[in-house]
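This report refers to the structure that appears directly beneath it.
Protein chains: 2
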Amino acid sequence: MTSELDRIDLKMLRLLQNNGRLSNAELAQLVDVSAATCHRRTQRLFEEGYIKSVRAMIEPLKVDRGALVMVGVVLDRSTPESFGAFEKAVAKLSFVLDCNLVAGDFDYFLKIRVRDMADFNRIHGTQLIALPGVRQTRTFFVMKEVVDNAPLNF
Amino acid sequence: MTSELDRIDLKMLRLLQNNGRLSNAELAQLVDVSAATCHRRTQRLFEEGYIKSVRAMIEPLKVDRGALVMVGVVLDRSTPESFGAFEKAVAKLSFVLDCNLVAGDFDYFLKIRVRDMADFNRIHGTQLIALPGVRQTRTFFVMKEVVDNAPLNF
DNA sequence: GATGAAATCCGAGTCAC
DNA sequence: GTGACTCGGATTTCATC
């Protein structure tokens, strides 16, 4: 079912990753195939899951979410149930952009976006340390975003 | 210039964030305005920088970038020059998705996507520790992606 | 299997109001 | 802000290889 990608497919993926608003006609020109072929191929890239979605990237500052915070989390116990409960709860928190189970000094790393530091402190005190099984958290305030969500290179 | 957003603009931003492929006609229906109005508003959201871009989200596994790694970096010296040199160099590394200057035990946190652990180890040895001013790095392999790049909530 | 040309249809973009 | 109009692109059909 999921067949291989040729160089045209790869080029389309890269172009769409950088500009999801490209019209089918434009894309067709850029990869040098007919509009019909381009349309069919694009559909396939969606159907077969190469493109998960197309999203507008919102400027955080413009919608009052200028503060970025990384949080390392250590759980009480390392049982499957603990991890499951934590993950289920964290997935519901709308301010959590990333949550990754990692190997090392922490169990999880969270990437969080909120209005400001005061907002984070409130959330930390009420929602983060209240997550199931949390033993301790370590907060890393982001002072400067050097690279944010760069496109995937492949 | 950058005027306020009303509830219609906010709704449009949220809808476009979740589905950047929405046609103007569809979006107009969803927010209950005419197509012409919707078109003008969308243009404004782009022009005034509320929407930075629209991007296709590629499935990393499908393009052989299944390994995610968080790396904490400590620099030798904390001078503006050190930071500048590091940031300039790191911005050129295509496998770096995020790079943030943080307050705490590390100077920077990197989010990196590569093919696999072997690939990371090679890159770590040749490209990461070779970055200007790096004293030490701490690697956190991601064992499970619980939440990845969730849409911004506002 | 794939493609591209042509035909149809519908939405983008612009106008007057 | 809306409604109408035009034009171009999206989508389908079909012949072809």
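So the protein sequences, as listed, match chains A and B.
Mind the numbering: the first sequence is residues 149 to 302 in our numbering, read in order.
Mind the numbering: the second sequence is residues 149 to 302 in our numbering, read in order.
All residues carry an ideal CB built from backbone N, CA and C; glycine is no exception.
Coarse secondary structure for B:F254, derived from DSSP in three states: coil
Whole runs of the beta strand (DSSP E) within the segment 155 to 240 of chain A, excluding any shorter than 3 residues: 199 to 206, 215 to 223
In this structure, does DSSP put A:N269 in helix, strand or coil? helix
Which residue or residues does DSSP assign as beta-bridge partners of A:V295? B:C247
In whole angstroms, give me the CA-to-CA distance for B:G252 and B:T285. 14 Å
Where B:C247 meets chain A, residues with beta-carbon distance less than 7 Å: V294, V295
C-alpha gap between B:R283 and B:Y256, whole angstroms: 12 Å
List the residues of chain A whose Cβ lies closer than 7 Å to the Cβ of B:E195, in chain order. Simply none; closest approach about 12 Å.
Would you call the CB atoms of A:F254 and B:F234 closer than 8 Å? no
B:M218 CB to nearest heavy atom of the ligand NAD below 7 Å: As far as ligands go, the structure on display features none, and thus does not contain the ligand NAD.
Selection from A:D180, A:L276, A:D264 that minimises the alpha carbon distance to A:R213: A:D264
Quick check on B:G168 - is its C-beta less than 8 Å from some C-beta in chain A? yes
Test item: CB-CB of A:R203 and B:N301 under 8 Å: no
So is A:D180 buried or exposed if we call it buried at 16+ other beta carbons inside 10 Å? exposed
From B:R225, B:E196, B:S242, B:A184, residue whose alpha carbon lies closest to that of A:I206: B:E196
Does the pairing of the segment 175 to 190 of chain B with the segment 223 to 238 of chain B give three or more beta-carbon distances under 8 Å? no
If contact means a Cβ-Cβ distance below 8 Å, which residues of the segment 197 to 218 of chain A contact chain B? G197, Y198, I199, K200, S201, V202, R203, A204, M205, I206, E207, P208, K210, V211, D212, R213, L216, M218
Same chain only: Cβ atoms within 8 Å of A:V262, ignoring 5 sequence neighbours per side: R213, A215, V217, F243, F268, I271
With burial defined as no fewer than 16 other Cβ atoms inside 10 Å of the residue's Cβ, what is the status of B:K259: buried or exposed? buried
Are A:L193 and A:D157 close, meaning C-beta to C-beta below 8 Å? yes
How many angstroms separate the CA atom of B:G273 from the CA atom of B:A266? 11 Å
Beta-carbon within less than 7 Å of A:G281's beta-carbon, same chain only, minus the 5 sequence neighbours each way: which residues are those? L223, D224, R225, S230, A233, F234
Check each candidate in B:C186, B:L276, B:M160 and name the one with the smallest Cα separation from B:V221. B:L276
Alpha carbon of A:K236 to alpha carbon of A:A183, nearest angstrom: 44 Å
Using a Cβ-Cβ cut-off of 8 Å (strictly less than) and excluding sequence neighbours within five positions of B:N172, which residues of its own chain qualify? A183, C186, H187, T190
Starting from B:L161, find everything on chain A with Cβ-Cβ shorter than 8 Å and list it in chain order. A204, I206, V211
Considering only residues of the same chain and omitting the five flanking positions on each side of A:V250, which have a CB-CB separation below 6 Å? F257
Between B:L161, B:V211, B:V290, which has its C-alpha nearest A:E152's C-alpha? B:V211
Using a beta-carbon distance below 8 Å, is B:Q275 in contact with chain A? no
Could you compute how far the alpha carbon of B:M160 sits from the alpha carbon of A:P208? 15 Å
Can you name, in chain order, every residue of its own chain whose Cβ lies under 6 Å from the Cβ of A:G168, other than the five neighbours on each side? V202
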